[in-house]
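Count along the sequence shown starting at 1, add 130, and that's the number in our numbering. Where is the CB? At the ideal position from N, CA and C, for every residue including glycine. Bear in mind the structure is a predicted one, so any value in this text is a computation, not a measurement. Presented below is the structure to which this report refers.
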Amino acid sequence: MHLKSLEISGFKSFAKKATLSFTSPISAIVGPNGSGKSNVAEAFRFVLGEQSIKSLRGKRGEDLIFNGGSGPAGAGGMGGIGSVGGFVTGIGAASTSGRANRAGVKVVFDNSKRILNVDFDEVTLERVVHRDSSNEYFINGSLVRLKDIVELLAGAHIGASGHHIISQGEADRILNANIRERREMIEDALGLKIYQYKKTESQRKLEKTEENMKSVESLRREIAPHLKFLKKQVEKVEKVQEMRESLKLAYQEYFKREEVYLKHEHARVEADKKGPTSELRELDAALAEAKNILASSKNADATSGEVISLEQELARARNEKDATARELGQVEGEISAALRAIQREKDKQSRDENKTVYLRDVEEIAKQVFTIDSLDEIRKLVKEFIARHRTAENSSALDDFEKEVVELRTKKAALEHSLKIAGEKEVATHELYTQLRHKIDQEKDTNREAEKNVFKIIARQNEIRGILNTLKSHEDRVALEQEAYKRELQEAHIMVGREAVNFASVPALITLTDADIIAEARTAQEERRRAIEKTKIRIEDSGAGNSSEILKEYKEVEERDGFLARELEDLDKSKVSLVALIAELDQRLDIEFKEGILKINVQFQNFFALMFGGGNAGLNVVREKKRKCRADTDLVLSDEEMARDMDAASGDGLGDGGEEEEGAEGIEINVNLPRKKVKSLMMLSGGERALTSIALLFAVSQVNPPPFIILDETDAALDEANSKKYGDMIANLSQYSQLILITHNRETMSRAGVLYGVTMGNDGASRLLSIQFDEAVKVAK
Ligand code: ATP
């Protein structure tokens, strides 16, 4: 036995504390009408967490508290039976007939079999309601929430308004209910509510999950355009990084080759200069000696002096011509460098033509234009706007280069003129010199040998000077290239970093030998330089802003998006598992429900046949039929209800105009009384309804016995013969569930092991006494 006792104090008509001990499988509560018996059943419902005050026959919480009586205090009694059976009452919650301030009910369970999922051998549940309608709940004296009570009881298949407490006049509730309500009642009785709770909980979680998914999705949608924009920026940055990398590699190769080339050229010029320089020194000495001979010769004549001065003049003319030619070469080099620079600037400017201007700048200028009346002002404004958006340095640099070219060209023209004059002078001097030589040749002079020698030396000197001049211009060119090389190193360092100039240690270039480099045509290296220039311009044009900021922001936004994606994945997983769980719960509910129905039907048939002495009864799982009526209002009717409707509306055509749709599943009750053709529940007599209800109630209780059942005058409508059968069934049921029966029925009383009498005195307060069967029979009357 699970139910040990019930203690009521200040609840409804129970002004004083009254305790009922349930020491027998069947306890009966008897007493005259209005004495407070049903209040005991309600005390059970109250303490088990009932929330509907209406179902406890009140309007508000206050109605549940003893409200005082009108009679004198201490009046009332049990009409001569009070002395038998001991009082079970304790200290009153209020002075008799005085109003109580609180109503409290305690129920004590024997939990040694752990029917309640809590680790105590005895569990006391208590509920107190105060005049302000506030409630308190306790488990073993500790304040708890209502939810804790409900959960604890649900686990033991006991509910507040459950199937196991049948209030007065409620016995045929299941017959009156519609098919959906019946299904709920049967599910509850079969202990399937726990699946329903879980299902509702899972559906709530599913809704929440779907809501969360929606908000995560909308967050991702919000981020998406920014992420896309950043991605493009990052791609740009990466492209520039790639270009920088390839520029670095290009620079490394270019520099390595350039360095080897310059060193080699420098060494070559130095080596080439050695021979002619020393030969020239020797020739100078030889010439000086030959001149000495001529000067000291007696036969030296004016011709010799003339030869010498002409020769000097010729040498000067040649030197001047060579110097001018060299300078001219240099100027030409500068001109072509300046022209290259001009081309580069022009290229930049042509890119300016397609330059993108911010809409906000255009809007700004438009705003200004609209406020100006003078055309001159507008022209000025537009001119300034364009000038502002051109690359300012470019145009000034271009101007500088163009100016430089003009200056260099003027210089070049002057140098060309000088070169022409110097050339003419050289030709003229050479002509004079040749004539003189010819003249001297004619002469049979003793100095002839010396003179010849002088000529020879001079000729050779001129030849060597020519060679040296060529070498000098070569040397100058190498020096210019060396300068350019240094500049390029600096530029590369700034643009690409130190690595670009640290080419010596680059593994990829180790196999590149000096011999390979020297053997290559110079045009190949020039081609490399042009390619480098192009890459540099592309990098400058890319306009990639603060790349580290962009990369950082992109990383952050991408991480956030990734986090949201993972979140979504997790949510989706839990959604899938919740959907699966709901489907599984549905399936279990369905299977267990149908299995339960089969079991109930076996018992129902037994009890029904027993009560009616034959006949058939059973439950059917049916689908609701939705029918649209002519007023276009949806009606949901069971087959039974429809049959009723059809009977009532016979001949008015209501039935044939509507369309039918399938609705929710419910339960239909089929009965077939012995020796009668009655099949509709509507046609049963009051007693037959009571018998059918009892048969079904007992069948359900038999299949899934609750720990206790409270039946409030369920037997009221039974005649003597049926009372007897009812008594037998009760005795049978009490093997599985503890029974508390409120009754006026003698037969029922006779089955009880414990009897309580309830009386009400003049003070309006109920009294409780433990009594014997004989007294009970008297009290019940
Ligand atoms: P019956 O045999 O006719 O069904 P019963 O014994 O079941 O009667 P109850 O319905 O339990 O009687 O008790 C009803 C009585 O309880 C009424 O007399 C009513 O005045 C009294 N009662 C209900 N609420 C209160 C309250 N808050 N304070 C005092 N008395 C109350």
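Min CB distance residue i to chain C below 9 angstroms
i, result
"Val253", "Among the chains of the structure shown, chain C does not appear; only one protein chain is present."
For residue i, the three-state DSSP class (helix, strand or coil)
i, result
"Thr254", "strand"
"Ala425", "helix"
"Leu803", "coil"
"Met890", "strand"
"Lys809", "coil"
"Ser831", "helix"
"Thr226", "Interpretation of Thr226 is limited by its pLDDT of 47, a score under 50 that renders its predicted location unreliable; the figure taken from the coordinates is listed afterwards. Of the three classes helix, strand and coil, the one that applies to Thr226 here is coil, per DSSP."
"Gly787", "A caution first: Gly787 carries a pLDDT of 46, below 50, which makes its placement in the model too unreliable to give a value."
"Gln868", "strand"
"Leu133", "strand"
"Phe113", "Not covered by the structure: residue 113. The range shown for the chain is 131 to 911."
"Leu899", "strand"
"Asp842", "strand"
"Phe633", "helix"
"Ile929", "No statement about residue 929 is possible, as the shown extent of the chain runs from 131 to 911 and does not include it."
"Glu699", "helix"
"Asp762", "Bear in mind that a pLDDT of 43 at Asp762, under 50, signals an unreliable position, so the model cannot answer this."
"His874", "coil"
"Ala747", "strand"
"Gly215", "Note that Gly215 scores a pLDDT of 35, beneath 50, so its modelled location is shaky; the value from the coordinates is reported in the next line. In the structure shown, Gly215 sits in coil (DSSP, three-state: anything other than H, G, I, E or B)."
"Lys130", "Residue numbering for the chain in the displayed model covers 131 to 911; residue 130 lies beyond these limits and cannot be assessed."
"Leu194", "helix"
Buried versus exposed, by CB contacts within 10 Å (16 or more), residue i
i, result
"Lys236", "buried"
"Ser408", "exposed"
"Val536", "exposed"
"Ser143", "buried"
"Ala418", "exposed"
"Ala148", "buried"
"Ala906", "buried"
"Ala223", "With a pLDDT of 41 at Ala223, under the threshold of 50, the modelled position of that residue is not reliable, and the figure given next carries that caveat. Under this definition Ala223 is a buried residue."
"Lys167", "buried"
"Ile279", "buried"
"Pro836", "buried"
"Gln868", "buried"
"Lys666", "buried"
"Arg244", "exposed"
"Gln832", "buried"
Proximity below 9 angstroms, CB of residue i to CB of residue j
i, j, result
"Glu242", "Asp251", "Before going on, a small fix: residue 242 reads as Ser here, not Glu. Yes. Within cutoff."
"Ala622", "Val631", "yes"
"Ala158", "Tyr886", "yes"
"Ala580", "Lys386", "no"
"Ile840", "Ile872", "yes"
"Ala916", "Glu754", "No answer is possible for residue 916: the residues shown for the chain start at 131 and end at 911."
"Tyr684", "Leu360", "yes"
"Val492", "Leu545", "no"
"Pro406", "Ile588", "no"
"Leu698", "Val346", "yes"
"Thr844", "Ile183", "no"
"Glu317", "Phe734", "no"
"Ala695", "Arg312", "no"
"Met890", "Ser139", "no"
"Val364", "Ile640", "no"
"Met859", "Phe738", "no"
"Ser853", "Thr878", "yes"
"Leu458", "Leu601", "no"
"Asp195", "Arg261", "In the sequence under discussion, the amino acid at residue 195 is Ile, which differs from the Asp named in the question. Going by C-beta atoms, Ile195 is nearer than 9 angstroms to Arg261."
"Gln382", "Glu629", "yes"
"Tyr391", "Ile594", "no"
Residue i: CB within 8 angstroms of a non-hydrogen atom of the ligand ATP
i, result
"Leu848", "no"
Mind listing, in chain order, the residues whose beta carbon lies closer than 5 angstroms to a non-hydrogen atom of the ligand ATP?
Residues with a Cβ closer than 5 angstroms to any heavy atom of the ligand ATP, in chain order: Lys142, Ser143, Asn163, Gly164, Ser165, Gly166, Lys167, Ser168, Asn169, Phe196, Asn197.
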